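Trainee: Mind looking over this structure? Questions follow.
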Amino acid sequence: MNIRDLLASMKPARTEFHWDPCCFCGQPIRVADGDPCRLTFERGTEVRDRLASEYFCHASCFQAHLDEGLRAPLGATVERRPDGTITNAAGLTADHLTHQRVLCPACGEKVFVRWPEGWDAHAAHRCAGLTAEGEESRKAEFKRRFAALFQG
Ligand SMILES: [Zn+2]
Ligand SMILES: [Zn+2]
């Protein structure tokens, strides 16, 4: 077996988790619409000094670390299913979501009928998109990753 095949065989299934952990929260990244995100880091002005070719992260962690004014980039559009459910919550903010039908940005399965009602029970017990163990840590993970989706 050559090295390439060997490496390929060690990778988790593409449909499950991305190979590198999130550069913000350190948690594994589940492969989903919009995740993983890839960041390129450069510094300096005259001579671009590329320190690392790329970092990977959750879209929601990136959003959460942006200045509040930048979190919903101009032109960010709300995507909905025919029944009104918002499907791209991870790229939006609380202003877009409050009291709307919202698809869980972590697992993409649960629909919150009136966001953010019920998020804590879902995060604590059910959400398949979280990796933390224990009710309180799971809720903390959800709140940290999706901070932009809660009113400050
Ligand atoms: Zn993350
Ligand atoms: Zn969920």
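Everything in the sequence shown is counted per this note's numbering, starting at 1436 for the first residue and increasing by one. C-beta: ideal position from N, C-alpha, C; glycine also. Model, not experiment: these values are computed from the prediction.
1. Taking 8 Å as the threshold, find out whether the segment 1558 to 1576 comes into contact with the segment 1533 to 1543 through three or more Cβ pairs.
2. For Arg1478, report the span of its beta strand (DSSP E) as first-last.
3. May I have the straight-line CA-CA distance separating Thr1512 from Ile1521, to the nearest angstrom?
4. With Arg1422 as the anchor, note down where its alpha helix (DSSP H) starts and where it stops.
5. Spell out the partners DSSP gives Ala1467 in its beta bridges.
6. At what residues does the alpha helix (DSSP H) containing Phe1585 begin and finish?
7. Look up Ile1521 in the DSSP assignment and give the residues it is bridged to.
8. So if DSSP puts Phe1452 in a beta bridge, which residue, or which two residues, is it bridged to?
9. Given Leu1538, which residues of its chain have a CB within under 6 Å of its CB, disregarding the five upstream and five downstream residues?
10. Just tell me which of Cys1472, Ala1525, His1557 and Ile1438 has its CA closest to the CA of His1453.
11. For Cys1492, which of helix, strand or coil comes out of DSSP?
12. DSSP three-state call for Phe1547: helix, strand or coil?
13. Can you tell me the Cα-Cα spacing of Phe1593 and Arg1465, whole angstroms?
Mentor: Let's see:
1. yes
2. Cys1472 to Arg1478
3. 10 Å
4. An answer regarding residue 1422 cannot be provided, because it is not within the stretch 1436 to 1587 covered by the chain.
5. Asp1470
6. Here Phe1585 belongs to no alpha helix (DSSP H), and DSSP marks it neither H nor E.
7. Arg1515 and Val1537
8. DSSP links Phe1452 through a beta bridge to Arg1465.
9. Thr1520, Thr1522 and Val1546, listed in sequence order.
10. Cys1472
11. strand
12. strand
13. The question about residue 1593 has no answer here: the residues shown for the chain are numbered 1436 through 1587.
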